[in-house]
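To keep things clear, I will list the structure first and then write my remarks on it.
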Amino acid sequence: LTKAGDSKTEKMLRNRYCEGRIKSWGEQGVKAAEGVFSLLHQFGGEKLVGKSTQLSPGTFWTNAFIKEN
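For what it's worth, our numbering labels the leading residue of the sequence shown as 206, then goes sequentially.
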């Protein structure tokens with residue numbers, strides 16, 4: 206999949222990928238996503254976000270918030 210030339214490189218790529226995974230998600234993340242969407246709408250308009258002017262309700266399933274252990 207990665208076409209890494211050796212197992213050491215493959216392991217490093219996997220580790221770096223895993224370091225970037227979402228460890229927590231909640232209201233703060235939703236607010237941040239809404240802010241990003243607003244900026245995309247402001248600067249790119251329909252070309253970036255389509256006809257929506259804001260994130261649709263239900264975009265994020267609030268029952269799925271992740272809490273870091």
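We put the beta carbon where it would ideally sit given N, CA and C, even for glycine.
Per DSSP, residue i is paired with what?
i	result
W266	Bridge partners of W266: none, in fact.
Please name the residue, chosen from the options, that lies closest to residue i on a Cα-to-Cα basis.
i	options	result
G263	A209, R221, E232	E232
W266	R226, G225, V235, N220	V235
If we define contact as Cβ-Cβ less than 8 Å, is residue i a contact residue for chain B?
i	result
T264	The structure shown contains no chain B; it is built from a single protein chain.
Segment contact, 8 Å Cβ cut-off, at least three pairs: the segment 258-267 with the segment 235-242:
By the criterion of at least three beta-carbon pairs nearer than 8 Å, the segment 258-267 is in contact with the segment 235-242.
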